[in-house]
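Numbering-wise (the numbering used here), the sequence shown opens with residue 1472 and increments by one. Notes to accompany the following structure.
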Amino acid sequence: MNHLRNVELLQRAVDASQAALEVRSQETAPLLWAASQNNLGSALFMLGRNANDSEYLQQSVEAFRSALQVYELHGAVKMVVVAEKNLAKAVPLLESLRRRRVARPEWARNHAEDDGPEETPHLEN
């Protein structure tokens, strides 16, 4: 079983990261808060990628950007690099999913549903 593709496990990782953010504040523990944001971003990224869901990917980008800002502010150079690499993966995937949604507008998706089940699209990596 591939745990990275297990949506339930990924959702639990998102929940755990969000719980950590409830006890770690940006004001009192900024680098720990940023680490939790980065972890949240990673879990959301994998969830969005595996579920083909742009909303999760958008939240992932926001979490990575939040972490990056704090890392930059506090001079955590190595973590800045990590957050930048994470953004470099998340942003293009988000843009790609959005382009696919525009290429197949809502009315076309609704019409396809009326015609019966369709094959699941295969994504290129």
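Yeah, the Cβ is synthetic: ideal placement off N, Cα and C, and Gly gets one too.
Counting other Cβ atoms within 10 Å of its Cβ, S1537 reaches 16 or more and is therefore classed as buried. In this model, R1572 and E1566 are separated by some 10 Å (Cα to Cα). Taking one beta carbon from each stretch, the stretch 1544–1551 and the stretch 1521–1534 have fewer than 3 pairs nearer than 8 Å; the two do not touch. Following the DSSP letters along the chain, one finds R1495 in no alpha helix (DSSP H), marked with neither H nor E. Put simply, of L1515, A1506 and L1503 the residue whose alpha carbon is nearest the alpha carbon of R1483 is L1515.
Here DSSP, grouped into helix, strand and coil, assigns N1557 to helix. By the CB criterion at 8 Å, N1557 and N1509 fall inside the cutoff.
In the structure shown, D1524 adopts coil according to DSSP, grouped into three states.
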